[in-house]
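Input: a single structure, listed below in structure tokens.
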Amino acid sequence: MPYLLYILQMGYQAFFGVVLVVMVSSCSHRIKTGGEEVYAGNPVLKGWYADPEGIIFDDEYWIYPTYSDDYGQPDKSTVFSASQLEAQKNTINPQYLKQTFFNAFSSKDLISWTKHPHVLDIKNVPWASYSVWAPSIIRANAKYYLFFSANDIQREAEQGGIGVAIADNPAGPFVDALGKPLINGIKNGAQPIDQFVFKDDDGEVYMYYGGWRHCNVVKLNEDFLSIKPFDDGEIYKEITPENYVEGSFVFKRNGKYYFMWSEGGWMGPDYSVAYAIGDSPIGPFKRIGKILQQDSTIATGAGHHSVFKVPHTDDYYIVYHRRPIDTDQAHHRETCIDRMTFDEEGFINPVKMTFKGVRKRILKKE
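Position one of the sequence shown corresponds to residue 1 (the numbering used here), numbered consecutively onward.
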């Protein structure tokens, strides 16, 4: 296994997760509104970050975003193989050559965030060369499984797609688990990008993915490293709802499955989030409407989101990227958090984007 070989090569320190951690304070965005109320402010992360995957592990909030563009001192991968350098010639956008790693961020209170640099880097994924996008993470089998897309493949024969890396803790280092993509082909017209992994109450694990206006869902085996067929024998089941573009996300509330996605053009102001509700993790899903979109007084291009649910509550936060109104640079996207609420019938209320962000909230240990 590539993962086990890597552990042997890295030696004692890496095996026990000794990684460089850089503290980054959101003090420049923190807002006090009188008394002891403290708000995080938006954006919550310093820098241009997109496609944020928000998740809670124990008593910590975590965000895993795509590195969208340089902000101040450029952040870069420093080790490339000859095959990776050759493959980088295939990119359709030079900007994608900057996106060869993931940083992660953790917080105890939604206010102060700790940066964990390069929790995944292509030096540990030999088949990935550029366009490392949209991480999705899940904890299982006493490990952390980080799913990602790489190489922005445009044709069936190209090397790239959706991969999976493993680590012993959420700060990495994550290393390639298969030596190849988990999903390499273009199935049902869906480009293999923007994956999200969802574990249902019965233990079944589903991965939703797809760009180019097509969405597939597959079932993962218990090892999280392979795919198994559905009961009807189908492996790549298309569930594309009306207006779907990319960036799927799923959660379950009160026995219903909420399937969310991004629509519109990711480079433009009309990028937004819509959703549907179904009785099954594979639908059918009928579009209900948008719940997050541009606000001319706040930001444009609001989309590609995820959702935090505070354990043992009905409190939800939406984690998303948006573009400041003073720029039209496509890659100048910032990660923000706002509240997400529901009406009495279980429909999601429109999300109000804010500069204030969300209140300080410390998670209780279970």
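Positions of the beta carbon are idealized from the N, C-alpha and C atoms, including for glycine.
Opposite residue i in the DSSP bridges: which residues?
i      : result
His321 : Gly303 and Thr335
Asp176 : Ala165
Arg359 : Tyr39
Ile138 : Tyr145
Met260 : Phe249 and Tyr275
Arg155 : For Arg155, which the question treats as bridged, DSSP gives no partner whatsoever.
Ile63  : Gly54 and Phe105
Asp69  : Trp48
Asp295 : Ala299
Gly289 : Tyr275
Ile348 : Phe342
Lys309 : Tyr316
Glu238 : Asn216
Ile31  : Tyr39
Ala150 : Gly161
Short check: CB of residue i to CB of residue j, under 8 Å?
i      : j      : result
Gly160 : Asn184 : yes
Gly211 : Gly303 : no
Cys336 : Asn141 : no
Pro65  : Asp51  : yes
Gly172 : Leu225 : no
Ala274 : Met353 : no
Ile55  : Ile137 : yes
Asp176 : Pro135 : no
Tyr49  : Gln99  : no
Gln195 : Phe147 : yes
Arg359 : Glu158 : no
Tyr271 : Ser262 : yes
Ile186 : Lys237 : no
His305 : Ile318 : yes
Pro350 : Ile291 : yes
Pro192 : Ile239 : no
Lys123 : Ser83  : no
Val218 : Ile227 : yes
Phe101 : His118 : yes
Ile63  : Leu45  : yes
Phe80  : Arg139 : no
If you compare alpha carbons, which of the options is closest to residue i?
i      : options                           : result
Ser112 : Gln73, Ala40, Ile325 and Gln95    : Ala40
Val307 : Arg339, Asp295, Asp279 and Glu334 : Arg339
Lys252 : Arg287, Lys360, Asp194 and Lys199 : Lys199
His312 : Asn90, Asp328, Tyr67 and Lys364   : Lys364
Val205 : Ser149, Lys76 and Leu220          : Leu220
Gly301 : Ile166, Gly264 and Trp48          : Gly264
Tyr170 : His332, Pro269, Phe105 and Thr91  : It is worth fixing the name first, because residue 170 is Pro in this sequence and not Tyr. Among His332, Pro269, Phe105 and Thr91, the Cα nearest to that of Pro170 belongs to Phe105.
Arg361 : Leu97, Tyr61, Asp109 and Glu242   : Asp109
Ala150 : Phe174, Asp168, Lys123 and Pro181 : Pro181
Asn243 : Lys286, Asn216, Val250 and Arg333 : Lys286
Gln95  : Asn124, Trp62 and Trp133          : Trp133
Asp168 : Ser296, Asp295 and Lys143         : Lys143
Gly289 : Asp328, Phe347 and Lys309         : Phe347
Ile92  : Phe57, Pro117 and Arg155          : Arg155
Gln293 : Asp314, Leu45, Asp315 and Tyr320  : Tyr320
Asp59  : Ser107, Arg139 and Glu345         : Ser107
Phe249 : Val197, Gly233, Asp201 and Val44  : Val197
Glu345 : Asn254, Lys356 and Ser296         : Asn254
His385 : Ala190, Gly357, Arg139 and Asp70  : Because residue 385 is not part of the residues shown, which for the chain are 1 to 366, the question remains open.
Tyr258 : Tyr316, Ser296 and Glu334         : Tyr316
Gly357 : Pro284, Asp69 and Glu334          : Glu334
Leu178 : Leu97, Ala128 and Asp328          : Ala128
Gly72  : Gly47, Met207, Ile325 and Phe342  : Gly47
Thr297 : Pro284, Arg322 and Phe342         : Arg322
Asp70  : Leu97, Asp223 and Pro269          : Leu97
Asp343 : Asp314, Thr327 and Gly233         : Asp314
Between residue i and residue j, how many whole angstroms is the CB-CB distance? I'm expecting something under 8 Å.
i      : j      : result
Met267 : Ala330 : 4 Å
Ile166 : Tyr209 : Rounded, the Cβ-Cβ distance is 19 Å, inconsistent with contact.
Lys309 : Ile277 : Rounded, the Cβ-Cβ distance is 16 Å, inconsistent with contact.
Tyr67  : Asn103 : 7 Å
If we cut at 8 Å on Cβ distances, does residue i have a partner in chain C?
i      : result
Thr327 : Here chain C cannot be found, since the structure has a single protein chain.
I'd like the ranges of any alpha helix (DSSP H) spanning at least 4 consecutive residues and lying wholly in the stretch 82-134.
Here the runs fully enclosed are 82-87.
Runs of beta strand (DSSP E) lying entirely within the stretch 172-235, each at least 3 residues, in chain order:
Qualifying beta strand (DSSP E) stretches, in chain order: 196-199, 205-209 and 216-220.
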